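J.: Counting in the numbering used here, the sequence shown runs from 261 upward without gaps.
Just so you know, even glycine gets a beta-carbon here, dropped at the ideal spot from N, CA and C.
Here the structure is a predicted model, which is why all the values come from computation and not from measurement.
Sharing a structure with you now.
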Amino acid sequence: MIRPINTTDYPRLLCIWESAVLATHDFLTSEDFSYYKTHLPSYFSFVTLWGYEEEGKLVGFMGISGNSLEMLFIDETTRGRGIGKALIQFGMQEQGIRKVEVNEQNTQALGFYEYLGFKVINRLEVDGQGKPYPILQLEL
């Protein structure tokens, strides 16, 4: 079930984020991993958050700003079951998602977004924090 996220869900979102990032972002240094984990809650207020719940437990979430998907994370234990696809399809149909940015080194995510019809339109040398993780900008 897809539902809005509220502030009481934030601790669970951090657990999901950590599980997902450890599984897909092996290019991050441990220092940068800690940096992003510490700052993640401050980003939540800038996006509309939606979660995917199974049997009363959040297992994935996304954050949307305007027509851009700003974050999508699925708990590692539930990856490959269509949760990310369900969230994205909901976001495209109900929230108007047309854009997404992805770390260039995160080839799994890039392939996932391309499978859903997104196309690379630009490449940035650094991420939004100025760190040396190139970003690919994609649009439908």
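1) List in chain order: all unbroken alpha helix (DSSP H) runs of 4+ residues lying wholly within the stretch 338 to 379.
2) With 16 other CB atoms within 10 Å as the buried threshold, where does residue 226 fall?
3) Just to confirm the assignment, what range does the beta strand (DSSP E) spanning residue 278 have?
4) Kindly identify the DSSP beta-bridge partner or partners of residue 318.
5) Going by alpha carbons, who is nearest to residue 347 out of 392, 308, 388?
6) Buried or exposed, going by whether 16 or more other CB atoms sit within 10 Å of the CB of residue 321?
7) Compare the Cα-Cα distances from residue 313 to each of 342, 305, 304, 286 and report the closest residue.
T.: Let's see:
1) Segments of the alpha helix (DSSP H) lying fully in the stretch 338 to 379: 343 to 355, 367 to 375.
2) What is shown of the chain runs 261 to 400, which leaves residue 226 out entirely.
3) For the purposes of this step, residue 278 is taken as residue 18 along the sequence shown, with counting starting at 1. Counting along the chain, residue 278 sits inside no beta strand (DSSP E); it lies in the alpha helix (DSSP H) bounded by residues 270 to 284.
4) The residue given as residue 318 occupies position 58 in the sequence shown. Per DSSP, 313.
5) In the sequence shown, residue 347 corresponds to position 87, counting from 1. If we check each option's Cα against that of residue 347, 308 comes out closest.
6) As a working note, residue 321 is residue 61 in the sequence shown. With 16 or more Cβ atoms within 10 Å of its Cβ, residue 321 is classed as buried.
7) Start at 1 with the first residue of the sequence shown, and residue 313 comes out as number 53. If we check each option's Cα against that of residue 313, 342 comes out closest.
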